[in-house]
Structure formats: structure tokens, C-alpha cells
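Be aware that the sequence shown starts at 1315, since it is given in our numbering, and climbs by one per residue.
Think of the CB as a built atom: it goes at the ideal place given N, C-alpha and C, for glycine as much as any other residue.
This structure is a prediction, so every number in the text was calculated from the model and none was measured.
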Amino acid sequence: MIKIGIISDTHILRGMEKISKSILNEFSNVDKILHAGDFVSIDVLNHLQNIAPTIGVRGNMDQFNILPAYQELKIEGLKIGLIHNAGSYREDPVKNPLNLAKSKGVDVLVYGHTHTRFMKKAGDILLLNPGSPTLADQKSFMTAKINGKDISVEVFEL
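The following block contains the structure:
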């Protein structure tokens, strides 16, 4: 079993003071961290890397180019896609992320950009947006436990 931390849209200019201690505590027990972009500062990536291996993508507010716009990874038996903007809109929060996930052939799509937490199983595909721990009305992040092709997700509200 692998446990991952899932976060997005931290929007932190420097340091980690704006990150809730509950996130740091929860992530201290994970094997990997997935960040779906808008770190804003490279300091956030570096700090998360000190907690656990961190895989991230570039968001529209990230001025550093060391991260790709999209990444795929295999964790246990699941193929996971990671992107910042999956084209999710409030009118239909499923359509565009689901189409993207299908086109990439992933089991799970983790994305951000909207600052709104979202989790939906659409057929065989799980769509996950952890929201934002700093800018959302309902600040949040997620963890997931993966065992083979089974995944269980826990949502944390701040």
C-alpha cells in the first residue's frame, strides 16, 4: 500500500507560513506528494520535497519552468495523470476533465486551478481536485491510499 498527499493551488510567494500545520502533519506520513500546480514559489516545491518525494506540474501562476504542464505516473496498479487546468468549469465540472482523462488513458486524474474541491467517480475514472489550502472559501487538501488498483481518498477541510 502507498499513501500519497494531494494538494494544489498553494499560491505561496515565499516560505511555508501560510501552509496549515495539519497539512504538514498529514503529509509527514505519506510516501509521495502530488501537487497540481500554482505553487507560485519554488520554495513550496523544495519544502514539500523535504517531506516526501514530490511530483508536480506547472500552473498558470508558476513562473519557473522546471516542471512540465502534465505528468503521468504509475502507483501500484493505477495510472495517474497530473495537470493544473483540466478545463473544468462550474457549469459542468465533469465533462472536460473526464474527456482529458479518457484521452490520456488514465485511471485517476488529479487537477487543480479552480480552487474548488471536487471528487467524482465517472465510470472507471476517478477525478480528483483537492481545492486550495490557502485561497478557497472551503480550504482543503486530500490524501489517498492505493493498494493495487484500489484507491481510497480522504478529504481534509481546513
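When we look at the beta-carbon of residue i and count the other beta-carbons within 10 Å, is it buried (16 or more) or exposed?
| i | result |
| --- | --- |
| residue 1424 | buried |
| residue 1355 | buried |
| residue 1445 | buried |
| residue 1440 | buried |
| residue 1391 | exposed |
| residue 1406 | exposed |
| residue 1367 | exposed |
| residue 1382 | exposed |
| residue 1380 | exposed |
Would you check if the distance between the CB atom of residue i and the CB atom of residue j is smaller than 8 angstroms?
| i | j | result |
| --- | --- | --- |
| residue 1334 | residue 1472 | yes |
| residue 1398 | residue 1427 | yes |
| residue 1385 | residue 1371 | yes |
| residue 1447 | residue 1324 | yes |
According to DSSP, is residue i part of a helix, a strand, or is it coil?
| i | result |
| --- | --- |
| residue 1380 | coil |
| residue 1357 | helix |
| residue 1465 | strand |
| residue 1434 | strand |
| residue 1363 | helix |
Rounded C-beta distance between residue i and residue j? I'm assuming under 8 angstroms.
| i | j | result |
| --- | --- | --- |
| residue 1460 | residue 1369 | The Cβ separation is near 14 angstroms, so there is no contact. |
| residue 1319 | residue 1457 | 6 angstroms |
>> Would you call the region 1406-1421 in contact with the region 1334-1345, where contact means no fewer than 3 C-beta pairs closer than 8 angstroms?
In response: no
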